[in-house]
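One structure is given below, encoded as structure tokens.
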Amino acid sequence: MRRAAVLFAALAVACSGAISAPGTEELEHGPGGSSGNKPLPFMLSAAHTELYLAKLAPPIVGRVLSKEERERIAREQGGAIRPIVTLWTKEAGFVQAARNMIELKLSVSGARDGIDFGLPGNLAAYLVREEQPWSKIITDDKCRDKDGGELACDTGAPYTAGVLTTRAYLVSRASRFNLTRSSAMLKTFACRVYPQEDTLQPRIPKEKLIPMFRALTLEEQTDERAKSGFGNGSGCYTCHGQFSAHAQLFVKFDEQGKWVKDATGLQDEAGELGRSKNGLMASHFVEPAAAASEQSQVFGKEVSNLAEAAKVITESPVFLECAARNVVEYGLGLTKPPELEPDLLGSLAARARTFGGADPSLGAITIATLTHDDIQKAVVKMLTGTTPQSAAVEATP
Ligand code: HEC
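Following the numbering used here, the residues of the sequence shown are numbered contiguously, the last one being 487.
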């Protein structure tokens with residue numbers, strides 16, 4: 091109950107305006123009640139189940155509840171959630187939802203300037219239709235056309251990392267020092283902004299960075315360009331000590347999203363801060379060989395390029411936890427993934443593995459998330475203003 095309350099606080103913040111007046115808690119006791127020493131599993135009432143599933147159906151499966159579903163809810167109350175959500179994940183509407191979700195998250199769709207912005211969505215749709223592991227969204231070595239057919243990827247890189255190595259992703263996130271590409275990767279697939287826990291992403295040693303990013307205090311700042319702007323010149327290392335590691339992975343992709351073997355990662359002395367020559371971006375690393383190399387460190391592991399980095403991200407617990415948060419975000423139309431308690435996140439990830447194996451599909455992650463008691467309670471509380479009581483009744487002997 092406490093967990094649900096905390097989760098709700100986060101949901102309410104994320105979608106302000108969705109809260110109704112408090113104080114109706116007493117009116118909401120369900121018919122059940124636990125007696126004896128074996129509490130019944132939590133179950134939403136039929137009315138709350140319908141409210142819950144009616145909210146989720148349009149984004150998750152692209153339609154409203156069917157007559158059959160509403161009848162099933164009336165009969166089975168909260169017990170109908172799992173079978174109904176499981177069937178949703180087999181529908182074409184769910185495939186489309188996966189496409190929408192990834193296109194929204196990455197702000198990519200359509201085609202322009204000869205770039206196919208549909209590639210990220212195509213891969214998402216393919217993985218869901220084929221019930222493949224969702225981790226492949228950043229590790230798959232194939233690109234897909236809109237029907238799921240194999241397609242050559244378009245960056246020219248000698249490796250592939252799912253949506254990350256599509257020009258659609260790289261072009262829409264091109265920026266100085268490759269910061270936007272790296273922050274979008276971490277935000278979307280690890281639900282992390284900067285700074286991150288040091289335990290997750292150890293910082294690159296200061297002396298390896300260009301002087302501007304070493305500063306923790308104003309006194310330490312030696313670069314005049316940083317003194318005037320960015321956080322009054324201090325604290326850079328706190329975030330950029332981590333950013334540097336992620337940005338390095340993109341050092342060979344130019345602003346057109348093409349992989350350039352000879353990229354140096356060196357600052358163009360005649361150009362804007364953070365830019366290298368020929369539409370490439372500068373590295374955080376000071377040593378020329380390091381600046382030109384795609385080798386880096388992600389979540390404490392040495393990696394030789396973006397594809398290896400993506401694999402490390404998917405092997406971390408944060409990947410599944412973030413995928414579950416993204417499902418809640420998308421299902422409820424929030425603008426960012428809700429803050430969920432670490433316990434709940436861990437339990438969503440563990441459930442996803444129970445339903446879908448060690449490397450679960452988006453379908454399994456969705457079922458695991460939407461059938462969790464605490465998610466149900468929090469969403470119903472968000473919709474009604476009141477924490478729902480369990481409608482489970484003990485079977486009469
Ligand atoms: C709290 C974390 C944090 C700290 C501290 C921080 N930055 Fe950043 N910095 C960011 C983020 C986040 C971005 C934007 C990344 C993106 O584009 O998504 C950014 C962007 C930048 C950019 C690129 C701006 C552009 O227009 O593309 C530069 C340059 C930069 N920071 C320099 C610095 C310097 C120098 C310092 C210290 C004075 C500093 N930052 C301190 C997080 C931080």
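Built from N, CA and C at the ideal position, the CB exists for glycine as well.
Bear in mind that the values here come from a model prediction, so they are computed numbers and not experimental data.
Item                                                                                                                                     : Value
Rounded distance between the beta-carbons of serine 386 and alanine 399, thought under 8 angstroms                                       : 7 angstroms
Own chain, CB closer than 6 angstroms to valine 408, minus 5 neighbours either side, in chain order                                      : Ala280
Beta-carbon gap between leucine 410 and leucine 370 smaller than 9 angstroms                                                             : no
Selected residue, minimal CA-CA separation from glutamine 346, among Pro248, Val261, Ala274                                              : Val261
Beta-bridge pairing of tryptophan 349 - partner residues as DSSP gives them                                                              : Phe343
Threonine 312 CB to nearest heavy atom of the ligand HEC below 8 angstroms                                                               : no
Helix, strand or coil at alanine 201 [DSSP, three-state]                                                                                 : strand
Whole-angstrom C-beta distance between arginine 315 and leucine 363, which should lie under 8 angstroms                                  : 6 angstroms
Secondary structure of serine 262, DSSP reduced to three states                                                                          : helix
Heavy atom of the ligand HEC within 8 angstroms of phenylalanine 389 beta-carbon                                                         : no
Cβ-heavy atom distance, arginine 266 to the ligand HEC, below 8 angstroms                                                                : yes
Beta-carbon contacts of lysine 226 that lie in its chain and below 7 angstroms, excluding the five residues immediately before and after : Leu217, Gly252
Isoleucine 205 to alanine 258 span [Cα, whole Å]                                                                                         : 7 angstroms
Among Ser394, Ser383, Ala137, the one whose alpha carbon lies nearest that of valine 350                                                 : Ser383
As assigned by DSSP and simplified to three states, the class of glutamate 398                                                           : helix
Per-residue DSSP class, three states only, for valine 283                                                                                : coil
Start-to-end residues for the alpha helix (DSSP H) that takes in serine 437                                                              : 432-446
Among Leu209, Val198, Ala482, nearest to alanine 274 - alpha-carbon criterion                                                            : Val198
Proximity below 9 angstroms, CB of leucine 146 to CB of valine 469                                                                       : yes
Residues of its chain near isoleucine 171, where Cβ-Cβ distance is below 8 angstroms and the 5 sequence neighbours each way are ignored  : Leu134, Thr139, Tyr142, Leu143, Leu460, Thr461, Gln466
The segment 176-193 touching the segment 206-216, judged by at least three CB pairs closer than 8 angstroms                              : yes
Leucine 269: CB within 8 angstroms of a non-hydrogen atom of the ligand HEC                                                              : yes
The ligand HEC heavy atom lying under 8 angstroms from the CB of phenylalanine 333                                                       : yes
Heavy atom of the ligand HEC within 8 angstroms of cysteine 412 beta-carbon                                                              : no
Any non-hydrogen atom of the ligand HEC within 8 angstroms of valine 408 CB                                                              : no
Helix, strand or coil at proline 206 according to DSSP, with G and I counted as helix                                                    : First, the amino acid is wrong: residue 206 is aspartate here, not proline. Here aspartate 206 sits in strand by DSSP.
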